[in-house]
Structure formats: C-alpha cells, structure tokens
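S.K.: Protein chains in written order, with this note's numbering: chain A, 12 to 252; chain B, 132 to 233. Cβ coordinates follow ideal geometry from the N, Cα and C atoms, glycine included. Just so it is clear, the structure is predicted and the values come from calculations on it, not from any experiment.
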Amino acid sequence: MMEKKKCDFMEGLRDGLPIGLGYFAVAFSLGITARNAGLNSFEGFLSSILNHASAGEYALYSSIQAMEAYIEVAIITLVVNARYSLMSCSLSQRFNPNQSFFHRILMGFGITDEIFGIAIARPGYLSPSYYYGAMIMSIPLWGLGNALGIWAGNLFPANVVSALSVALYGMFVAIIIPPAKKDKIIALAIVVSFALSYLCTQIPFVKELTDGTRMIILTVLISSAIAILKPVKEETINSEA
Amino acid sequence: MQHNVYIYIFVAFLVSFLVRVLPLTLIRKPIKNEFIRSFLYYVPYVTLSVMTFPAIISVTQSPVAGFVAFVVSIVASLLGAKLFSVACISCITVLILEYIII
Numbered sequence: 012m013m014e015k016k017k018c019d020f021m022e023g024l025r026d027g028l029p030i031g032l033g034y035f036a037v038a039f040s041l042g043i044t045a046r047n048a049g050l051n052s053f054e055g056f057l058s059s060i061l062n063h064a065s066a067g068e069y070a071l072y073s074s075i076q077a078m079e080a081y082i083e084v085a086i087i088t089l090v091v092n093a094r095y096s097l098m099s100c101s102l103s104q105r106f107n108p109n110q111s112f113f114h115r116i117l118m119g120f121g122i123t124d125e126i127f128g129i130a131i132a133r134p135g136y137l138s139p140s141y142y143y144g145a146m147i148m149s150i151p152l153w154g155l156g157n158a159l160g161i162w163a164g165n166l167f168p169a170n171v172v173s174a175l176s177v178a179l180y181g182m183f184v185a186i187i188i189p190p191a192k193k194d195k196i197i198a199l200a201i202v203v204s205f206a207l208s209y210l211c212t213q214i215p216f217v218k219e220l221t222d223g224t225r226m227i228i229l230t231v232l233i234s235s236a237i238a239i240l241k242p243v244k245e246e247t248i249n250s251e252a
Numbered sequence: 132m133q134h135n136v137y138i139y140i141f142v143a144f145l146v147s148f149l150v151r152v153l154p155l156t157l158i159r160k161p162i163k164n165e166f167i168r169s170f171l172y173y174v175p176y177v178t179l180s181v182m183t184f185p186a187i188i189s190v191t192q193s194p195v196a197g198f199v200a201f202v203v204s205i206v207a208s209l210l211g212a213k214l215f216s217v218a219c220i221s222c223i224t225v226l227i228l229e230y231i232i233i
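1. Grouping DSSP H, G and I as helix and E and B as strand, with all else coil, what is G154 (chain A)?
2. Is the Cβ-Cβ distance between E225 (chain B) and A186 (chain B) less than 8 Å?
3. CB-CB under 6 Å to I126 (chain A), same chain, minus the five flanking residues each way: which ones, in chain order?
4. With Q76 (chain A) as the anchor, note down where its alpha helix (DSSP H) starts and where it stops.
5. Exposed or buried, I214 (chain A), counting other C-beta atoms within 10 Å across all chains shown (16 or more means buried)?
6. V171 (chain A) and Y172 (chain B): beta carbons closer than 8 Å?
7. Taking Cβ positions only, does I140 (chain B) come closer than 8 Å to chain A?
8. When burial is assigned at 16 or more other CB atoms within 10 Å of the CB, is S189 (chain B) buried or exposed?
9. Using the rule of at least 16 other Cβ atoms within 10 Å of the residue's Cβ for burial, across every protein chain shown, is F56 (chain A) buried or exposed?
10. Which residues mark the beginning and the end of the alpha helix (DSSP H) in which S193 (chain B) is found?
11. For S74 (chain A), collect the residues of the same chain with a Cβ closer than 7 Å to its Cβ; drop the 5 residues on either side in sequence, then sort them by chain order.
12. Under 8 Å between C-beta atoms, does V195 (chain B) make it to chain A?
13. If you follow the alpha helix (DSSP H) that E22 (chain A) is part of, which residue opens it and which one closes it?
14. Around the C-beta of S250 (chain A), are 16 or more other C-beta atoms found within 10 angstroms, so that it is buried, or is it exposed?
15. Does the Cβ-Cβ distance between V201 (chain A) and S208 (chain B) come in under 8 Å?
16. Mind reading off the beta-carbon distance from A218 (chain B) to N62 (chain A)? Whole number of angstroms is fine, and I expect it under 8 Å.
17. Please specify which runs of the alpha helix (DSSP H), each continuous and at least 4 residues long, are wholly inside the stretch 145-188 of chain B, giving them in chain order.
18. Under 8 Å, Cβ to Cβ, is there at least one residue of chain B near K193 (chain A)?
19. Closest Cβ-Cβ distance between I232 (chain B) and chain A: below 8 Å?
20. What is the DSSP secondary structure of R105 (chain A), reduced to helix, strand or coil?
21. When you compare the stretch 28-40 of chain A with the stretch 117-133 of chain A, are there three or more beta-carbon pairs, one atom per stretch, that lie closer than 8 Å?
22. Is there at least one Cβ from chain B nearer than 8 Å to A77 (chain A)'s Cβ?
23. At the 8 Å Cβ level, is F198 (chain B) part of the contact set with chain A, yes or no?
24. Where does V84 (chain A) sit, in a helix, a strand or coil, going by DSSP?
25. Mind listing the chain B neighbours of F183 (chain A)? Cutoff is C-beta to C-beta under 7 Å, in chain order.
26. Please state the DSSP three-state secondary structure of G160 (chain A).
27. For N153 (chain A), which residues from the same chain have a beta carbon less than 6 Å from its beta carbon, with the 5 sequence-adjacent residues on both sides left out?
28. Taking buried to mean at least 16 other C-beta atoms within 10 Å of its own C-beta, is I232 (chain B) buried or exposed?
29. By the criterion of Cβ-Cβ separation under 7 Å, what are the contact partners of A38 (chain A) in chain B?
30. Establish whether the CB of V217 (chain A) and some CB of chain B are separated by less than 8 Å.
31. Just to confirm, does E79 (chain A) get its C-beta within under 7 Å of one of the non-hydrogen atoms of the ligand HEM?
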C-alpha cells in the first residue's frame, strides 16, 4: 500500500513536470500583466499560488489596475472560474466514497484545467498521492513563473516562450485522443467541440465573450446534447473509470 | 475607498476556492440520474477540446506554427505517444517552425 502511494506520487511528479513547464511560460507572461498593475514579485507569487488560474488572475490584475470595487473582483472571479465547479462535480464521481474531508478540500483546491485533465485520465478512484505529486510539481512553477515575469519582464527570448506555451495544449490532446480511439462518441464530442469552439471565436457578438464564459457555455451545451443523444450506461463508465 | 492589494488577492482566492471545493465536498455519493452521469462523463473531453482549440493557434508567435503543433500532437497521440512526449513534440514543432517562418 505504501509502495503504491509512493509510486503514485512519483508518477504525479513526472506528469506534473510538463504541466509545470507550460505553467511557467504562461505565468511568466501573466507576470508582465501583474507588473503593469503595480504588483511586486511577492504579491504576484502569492496571488498565483492561491488562485492558480490564468483567466482568473488576468481578471484580478486588470481589476487591481482599474481599482475596481472588491465585490466586482468577486463576481468576475466567479464567472471566469465557474468551469472549475463543473470539474469539481466531475471529480466528485471519481472519489472513493470513504475519502476524507481533508483530502477532498485539498484536492478541490488543486483543481486547474491541467491537473483535472491528468487526474481524470487515470483509471479507478482518484489517487490523492498522484494528485499531490502533480500539484507540488506544477503549482510552485506557476507562482515562480509569475514572480519572475514581474521581476525580469522581457528577459526570456520570445521564441522560447512561444514554444513552451504549446506544451499544455499538446498534453490536453494526449489526454483526450486515447479514449477517443476506443469510443466513437467521445471522438465525435471532441470534433464537435473543436469546430464550435473555433466558430465561437469568429461569429460577431459571440466572439466578444471571454474565454472562460465561452468555455462554460460550450461545455454545458455540447455535453448536455451528447448526454441526451447518447446516454452512457453505468457499466461503460465503470469500465472506463 | 482604500484599495489594498492583499484584500484583492484574498477576495479572488476565497471565491475561486469555494468554486473549486464546494461541489466536491457536497456531492458525496454516486449520482444515479442517467443524464447527469452521462453529462459529467463527457464534460472533461469537451472542456479540454474547447480549451485547446483555437487557443493553441493564438499563443504562438505564428498561428501556422500553433496549428501544425496541434495537428502533430493529434497524430502523435493516435500513434500512441504519452503525455510528456506529446508535450515535448509540440514544443519542438513550434521551435523549429518559428525558426523557419520568422
């Protein structure tokens, strides 16, 4: 049992590394926004460790710069981070029913698009050890990238930042493609999602939506439509899980 | 009105913390409803797809490089490459392409 936990933790660290590198690049450019808003490296690091959400932090720094009211920060954070509550619902179904309250809170806190992605891709009940390995490897790099971005500004060559920033997306693809090979409905869901997501950035008015809002709307619409058309029987979910 | 950076950070933290933690702690049993179960089953794939495209073509200096990296990562995954390899392959694709294009 101990061996299994240790092994899960190491795998979490390993899978957290590409996430962390991607985070570092994204957080670095986010740090430049934070610097423009007047934050110092410590404040950037703190806000990144506590929030670890790109769109959410972008909204936070813009609000600080514009000296918005605190309540507006609360509302905008709620809107751009609402997708995490969907992921949280989704994760709740993969917990061992006896999992302690403490683990639930700590793992809930660790939800990011990427950590959620790799955690859900593993079979069986969620392993806290794996999850914490991924958190410990990636979230500090997110904070560090942000602090360095504030401190060093444009020190990194643009081509390196550019190349690092696709690492995250490469990983997303590596998460969704293998199940799609086995399940045609998932493949369909992915193709439809790519297409509608692209369309939504092109159609007038709709394209004005923030990334977070667009993501929520599309996730709810597409997932509902497919759930109605192709409901999943319990056995399928368990064998996938 | 006084504006304190730390209060801003705390407010954002509190809201994002609750958004993440509440559903997980409140839903403690397997959901029986077939629609909701199916919905939650598809959510990860749809969210990750929506996040990936078209975002991947806007983060690179050259959209073409981002698009090629997107296609290359799909092909690599279809061929059986794992998370870390696919991530590296997509980075290298962009590095090489942008070296040529820009």
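M.R.: The answer reads as follows:
1. helix
2. For the record, residue 225 (chain B) in the displayed sequence is Val; it is not Glu. No, the pair does not count as a contact, with Cβ atoms beyond the cut-off.
3. A145
4. S65 to Q76
5. exposed
6. no
7. yes
8. exposed
9. buried
10. Note, S193 (chain B): premise wrong, no alpha helix (DSSP H); not H, not E.
11. E83, V84 and I87
12. no
13. M13 to N47
14. Bear in mind that the predicted position of S250 (chain A) carries a pLDDT of just 43, short of 50, making it unreliable; the figure below should be weighed with that in mind. S250 (chain A) is exposed by the Cβ-count criterion.
15. Residue identity check: residue 201 (chain A) is Ile in the sequence provided, not Val. In this structure, S208 (chain B) does not lie closer than 8 Å to I201 (chain A) by Cβ.
16. A218 (chain B) to N62 (chain A), Cβ: 23 Å. No contact.
17. 165-183
18. no
19. no
20. coil
21. yes
22. no
23. no
24. helix
25. L179, M182 and T183
26. helix
27. Rather than Asn, the amino acid found at residue 153 (chain A) in this sequence is Trp. The residues are Y34, A38, S59 and H63.
28. exposed
29. Neighbours of A38 (chain A) on chain B: none; closest Cβ ~13 Å, over 7 Å.
30. no
31. Inclusion of the ligand HEM in the displayed structure is not the case, the ligand content being empty and no account of it being possible.
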